[in-house]
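The sequence shown begins at 593 in this note's numbering and counts up by one. Heads up, the beta-carbon is just placed ideally off N, CA and C, and yes, glycines get one too.
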Amino acid sequence: MQGQLYRTKLKYDHVYLTPTSTMNVRLAAQVFSRSVGRIMSAYYGPEMAETSKFFQLVDRFFDCLNGRSLHEAIRTRKPDLAPYKQADDPRFEFLRGEFLDYFSNWQASVTARPGFTKQERNKMVLSHQTIEGIIMTVNAFVESTKYLLRQGVPYILSQVFCQDPLEEHVGRHRGLGARHDNPTVHQFSYQENQLRLQRSLAMTINPKGNTAGRTGEKRQPTVSNSPIKKIKRN
């Protein structure tokens with residue numbers, strides 16, 4: 593155990609965030625990790641027990657929803673990264689039970705604390721939008737995975753449930769709309785036709801934002817050493 597306490601990936605960038613790095617999911621995943629949770633519990637004692645528990649629950653949540661290959665769980669010694677092969681997988685019970693119950697109990701304990709205003713209580717717990725997003729993600733993932741397995745799919749790699757293509761597409765609509773963030777149906781349809789035309793003409797469209805994108809490897813730029821024609825100046 594002593595040797596594992598120093599096996600973290602935390603660096604300067606994990607603590608001192610910039611506006612750009614706050615969008616880096618990798619940094620957040622490395623902070624909310626099992627190793628960091630164990631270090632907090634070992635070095636800081638009971639006062640950090642709940643924070644340590646929260647970190648380790650989020651780490652399991654990340655693993656349950658980010659399995660990428662058939663053998664990753666064996667290689668990393670993290671069984672939650674294994675593919676889903678049965679509709680009664682115990683990880684489903686963890687996600688809908690222990691994981692979601694943690695946030696419900698957290699909200700209930702904050703609500704029951706006397707002597708605080710509503711604004712002060714809101715600062716003691718995750719925003720309701722975040723919690724609703726977590727609940728929606730867990731329930732959608734569990735039901736979708738169970739359905740596919742019951743239909744005869746041999747296994748499910750959880751990372752394939754990715755909304756990056758959708759985020760990328762919506763981001764393009766946002767870019768076309770500029771400051772106008774509430775388009776009408778007609779305006780949205782017009783922008784959709786523009787994007788459809790671009791996809792039919794362009795071989796690749798480089799994604800923007802913090803998404804991985806749908807296109808694979810991008811074309812390498814063509815570099816030429818031929819001289820450029822001189823521009824005539826008046």
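Excluding its 5 nearest sequence neighbours in each direction, Gln622 has C-beta neighbours in its own chain below 7 angstroms: Lys601, Leu602 and His606, listed in chain order.
Bridge partners of Ile748 according to DSSP: Tyr676.
In the three-state DSSP reduction, Asn697 falls in the helix class (H, G or I). With fewer than three CB-CB distances shorter than 8 angstroms, the segment 689–696 does not count as touching the segment 773–784. Rounded to whole angstroms, Thr737 and Arg660 show a C-alpha spacing of 15 angstroms. Under the three-state reduction of DSSP output, Ala732 falls in the helix class.
Put simply, the segment 675–689 touches the segment 719–735. At least three CB pairs are less than 8 angstroms apart. Straight-line measurement puts the Cα of Arg742 at about 10 angstroms from the Cα of Asp680.
The Cβ-Cβ distance between Leu657 and Ala665 does not fall below 8 angstroms. About 37 angstroms separates the beta carbons of Tyr608 and Pro675, which is beyond the 8 angstroms limit, so they are not a contact pair. Only buried fits Arg764, as 16 or more other CB atoms lie within 10 angstroms of its CB. The C-beta distance from Val617 to Phe647 rounds to 16 angstroms, too long to meet the 8 angstroms contact threshold.
The DSSP-derived three-state label of Ala704 is coil.
Here Val745 is exposed. Its C-beta has fewer than 16 other C-beta atoms within 10 Å. Distance check between Leu749 and each of Ile820, Thr703 and Pro671 places Pro671 closest, using alpha-carbon atoms only. Take the alpha-carbon of Gln711 and the one of Gln786: they are about 44 angstroms apart.
An exposed status is given to Phe708, since fewer than 16 other beta-carbon atoms sit within 10 Å of its beta-carbon.
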